[in-house]
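Asker: I'd like to ask you about the structure that follows.
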Amino acid sequence: MKDTIVLGIESSCDETAVAIVKNRKEVLSSVVASQIDVHKEFGGVVPEVASRIHVENISMVIDQALKKAGCTMEEIDAVAVTQGPGLVGCLHIGLQAAKTMAWTFHKPLVAVHHIAGHIFANEMVSDLQYPLLALVVSGGHTELVYLKDENSFEVLGETQDDAIGEAFDKVARVMGLPYPGGPQIDRLAKEGNNVYALAKPKTENPMDFSFSGLKSSVLQFQARCARRQENFVPADLACSFQETALEALLSRVTYALDHVSGIRHFVVAGGVAANSRLRTLITETIAPNYPQIRFTIPPLSCCTDNAAMIAIAGTIAYQHGRRSSFDIGAQPGMPL
Ligand code: KG4
Ligand code: ZN
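Residue numbering for the sequence shown follows the working numbering, starting at 5 and increasing by one per position.
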């Protein structure tokens, strides 16, 4: 069978990324220009600044990805790009670059959903089995997604307020930890104990999520300690927050695994999948209870935003005959 080589472009938030992937699995190159150092100074992503840096970086990153892969545009079958969700100005830059490349070199354009990209990042390490259940946990998303096959997505549950990554980042920020806060909480929690009682997230739908109450509970705890001039142990607070957040997250996962019939594969996707405690809890406490289901947690490099995942999602869409018109625009709130 003829090889399928796809160039993927990702610019939905603060990473300018371009990758070239052959036959869904073989990552020929994956270049990520991170803006973290710039946004660190502001304690979070500043959309206007992010868009400008994407403009400065995108041509260079495309060039590097082609050089590293040892590819010319003639060998590329399609150009895949994140259409949404994400920051509108940031998405525009990737879309314009993708359209320009596709137009100039007469290649089909394939628009991709960022979350589909996170889910299909697991293709890099596993042959996905369907029906599949994906737990998507990132800075902008917390969702349980059911895939009957690789071409159908059903959102079973989603966050009613903050995404889990957002809660990690906000709690870290009020604790004076640098951006992005998720990895900082993860590190600090290892030195602490789960000793502070925080608000447990509640939702009507047993597969929905909610993290704003827990976040407020941490803020109130800190304010109370300050008012009473009481000391608290930051590592214990990090650990208590992380344990409460993960317990709420995983109780929804076990509910879905128990109630949705026929699941053959469970995958985790998105930046928060890099959380070491989440990885341990899934592998040691959940997976052994479901021996009939395959569990995959992607390696850290595939968890956070990259373009290989967009190239893979683009390859799957391309192989299913999907093509995008050149007049598509960014969709910041794109549905899955
Ligand atoms: O998927 P991603 O790179 O970007 C989005 O699409 O949002 O996810 C970034 C999020 C941030 O909130 C970051 O703090 C979080 O993933 N994150 C973590 C860890 N590493 C990254 N959260 C908890 N523990 C970690 N080790
Ligand atoms: Zn992401």
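All C-beta atoms in this analysis are idealised placements derived from N, C-alpha and C, irrespective of residue type, glycine included.
Can you tell me whether ARG256 is buried or exposed? The criterion is at least 16 other CB atoms within 10 Å of its CB, across all chains shown.
Answerer: Looking at its Cβ environment, which holds 16 or more other Cβ atoms inside 10 Å, ARG256 is buried.
Asker: So, is ILE40 buried or exposed, given that buried needs 16 or more other C-beta atoms within 10 angstroms?
Answerer: It counts as exposed.
Asker: With HIS104 as the anchor, note down where its alpha helix (DSSP H) starts and where it stops.
Answerer: According to the sequence displayed, residue 104 carries Thr and not His. Element bounds for THR104: 92-108.
Asker: Would the C-beta of VAL276 count as close to the ligand KG4, meaning under 6 Å from any of its heavy atoms?
Answerer: Yes, the beta carbon of VAL276 sits closer than 6 Å to at least one heavy atom of the ligand KG4.
Asker: For the putative contact between SER142 and VAL264, defined by C-beta atoms under 8 Å, what is the C-beta separation to the nearest angstrom?
Answerer: In fact, because the Cβ distance is near 22 Å, the residues do not count as touching under 8 Å.
Asker: At a threshold of 6 Å, does ASP240 count as lining the ligand ZN (C-beta to nearest heavy atom)?
Answerer: No, since every heavy atom of the ligand ZN falls outside the 6 Å radius drawn around the Cβ of ASP240.
Asker: Using DSSP's beta-bridge definition, name the partner residues of THR86.
Answerer: Answer is VAL116, bridged to THR86.
Asker: Which residues mark the beginning and the end of the alpha helix (DSSP H) in which ARG256 is found?
Answerer: 238-263 is the extent of the alpha helix (DSSP H) around ARG256.
Asker: Where does ARG281 sit, in a helix, a strand or coil, going by DSSP?
Answerer: Correct three-state label for ARG281: helix.
Asker: For ARG268, count neighbouring C-beta atoms within 10 Å of its own C-beta (all shown protein chains included) and say buried if the count is 16 or more, exposed if not.
Answerer: ARG268 should be labelled exposed.
Asker: Hey, out of HIS122, SER328 and ILE9, whose CA is closest to SER305's CA?
Answerer: If we check each option's Cα against that of SER305, HIS122 comes out closest.
Asker: Can you give the Cα-Cα distance for ASN198 and PRO51, rounded to whole angstroms?
Answerer: About 35 Å.
Asker: Would you kindly work out how many angstroms separate the C-alpha atoms of ASP262 and ILE290, rounded to a whole number?
Answerer: Looking at the two C-alpha atoms, the distance is approximately 11 Å.
Asker: Hey, could you find the ends of the alpha helix (DSSP H) THR146 is sitting in?
Answerer: Per DSSP, THR146 belongs to no alpha helix (DSSP H); it is in the beta strand (DSSP E), 146-151.
Asker: Work out the CA separation of GLY144 and GLY169 for me, nearest whole Å.
Answerer: So the alpha carbons of these two residues sit roughly 7 Å apart.
Asker: So is LEU223 buried or exposed if we call it buried at 16+ other beta carbons inside 10 Å?
Answerer: So LEU223 ends up on the exposed side.
Asker: So TYR200 and LEU241 are supposed to be a Cβ contact under 8 Å. How far apart are they, rounded?
Answerer: Rounded, the Cβ-Cβ distance is 6 Å, consistent with contact.
Asker: Could you check whether the Cβ of ASP309 sits closer than 6 Å to any heavy atom belonging to the ligand ZN?
Answerer: Answer for ASP309: yes, Cβ within range of the ligand ZN.
Asker: What's the gap between the Cα of VAL92 and the Cα of GLN323?
Answerer: Taking the straight line from one Cα to the other gives about 28 Å.
Asker: For the alpha helix (DSSP H) containing LYS72, list its first residue and its last residue.
Answerer: That run of the alpha helix (DSSP H) goes 51-73.
Asker: Please classify THR258: is it buried, with 16 or more other beta-carbons within 10 angstroms of its beta-carbon, or exposed?
Answerer: By the neighbour-count rule (16 or more Cβ atoms within 10 Å), THR258 is not buried but exposed.
Asker: Between SER38 and the ligand ZN, is the CB less than 6 Å from at least one heavy atom?
Answerer: False, no ligand heavy atom lies under 6 Å from that Cβ.
Asker: GLY217 lies in the alpha helix (DSSP H); which residues open and close that run?
Answerer: Unbroken alpha helix (DSSP H) run through GLY217: 216-231.
Asker: Helix, strand or coil for LEU181 per DSSP?
Answerer: Looking at LEU181 - three-state DSSP - the assignment turns out to be coil, as it is neither helix nor strand.
Asker: Cβ of ALA278 within 7 Å of Cβ of PHE215?
Answerer: Result no, Cβ atoms of ALA278 and PHE215 do not sit closer than 7 Å.
Asker: Exposed or buried, which one is SER63 when buried takes at least 16 other CB atoms within 10 Å?
Answerer: Burial call: exposed.
Asker: Evaluate contact between the segment 100-114 and the segment 69-80, counting only Cβ atoms and requiring at least three cross-stretch pairs below 8 Å.
Answerer: With the cut-off at 8 Å, the segment 100-114 and the segment 69-80 touch.
Asker: Give me the Cβ distance between ALA239 and LEU218, rounded to the nearest whole Å; I'm assuming they're in contact under 8 Å.
Answerer: Going by Cβ atoms, the distance from ALA239 to LEU218 rounds to 18 Å, so no, they are not a contact pair.
Asker: How long is the line joining the alpha carbons of ALA54 and MET313, rounded to whole angstroms?
Answerer: If you take the alpha carbons of ALA54 and MET313, they lie about 21 Å apart.
Asker: I'd like to know whether the C-beta atoms of VAL149 and ALA167 end up nearer to each other than 7 Å.
Answerer: Cβ atoms of VAL149 and ALA167: not closer than 7 Å.
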